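Residue numbers (the working numbering): 27 to 164.
Listed below in structure tokens is the structure:
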């Protein structure tokens with residue numbers, strides 16, 4: 027019997043840009059994205075089409091890190107880029123995206139705690155927080 031764990035994944039995203047490329051965003055932040063979305067192109071591996079351009083930075087899905095560890099790792103990299111991110115947030119939609127995948131009823135739900143460091147970053151950059159919960163019937 028396979029044991030499927032509950033999972034939590036956090037990433038920082040920049041959406042809805044038209045006047046800059048994802049390569050320029052990567053260069054200005056000196057970061058490599060986990061994923062990019064190109065408006066009008068297929069979102070792999072699905073057959074859905076991207077409705078907006080998107081640049082996504084974070085750890086891969088189904089990593090072993092809890093929310094606090096993921097947030098700390100992302101903020102460690104993003105905080106030195108606050109001046110650039112403030113400019114991006116004036117023109118584009120910037121957000122933290124948190125997805126919880128509930129795959130196992132016998133395991134506790136991953137926790138999310140938004141501490142002062144996170145709140146200060148959100149306030150300074152003027153970013154959003156998106157929270158999604160996905161539940162598996164199995």
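Cβ coordinates follow ideal geometry from the N, Cα and C atoms, glycine included.
The model shown is predicted, which means the values in this text are computed figures rather than measured ones.
For residue 128, no alpha helix (DSSP H) run applies; the uninterrupted beta strand (DSSP E) run containing it begins and ends at 119-128, by DSSP.
Assignment of beta-bridge partners to residue 99 by DSSP yields no partner. The segment 121-129 and the segment 143-159 touch, with three or more beta-carbon pairs separated by less than 8 Å. Sequence-distant partners of residue 32 (beyond 5 residues in either direction) whose C-beta falls short of 6 Å from its own C-beta, in its chain, are 128, 129, 130, 133 and 136. Taking 3 residues as the minimum length, the beta strand (DSSP E) runs contained wholly in the segment 33-90 are 33-41, 61-63 and 80-84, in order along the chain.
Beta-bridge partners of residue 158 (DSSP): 125. Looking at the backbone, the Cα of residue 35 and that of residue 61 are separated by about 14 Å. Pairing residue 43 with residue 118 gives a Cβ-Cβ distance under 8 Å.
Beyond the five residues adjoining it in sequence on each side, residue 114 comes within less than 7 Å, by CB distance, of 40 and 120 in the same chain, given in chain order.
Contact between the segment 140-147 and the segment 91-104 is present: 3 or more CB-CB pairs across the two stretches fall below 8 Å.
Taking 8 Å as the cut-off, the beta carbon of residue 50 is found no closer than this to the beta carbon of residue 108.
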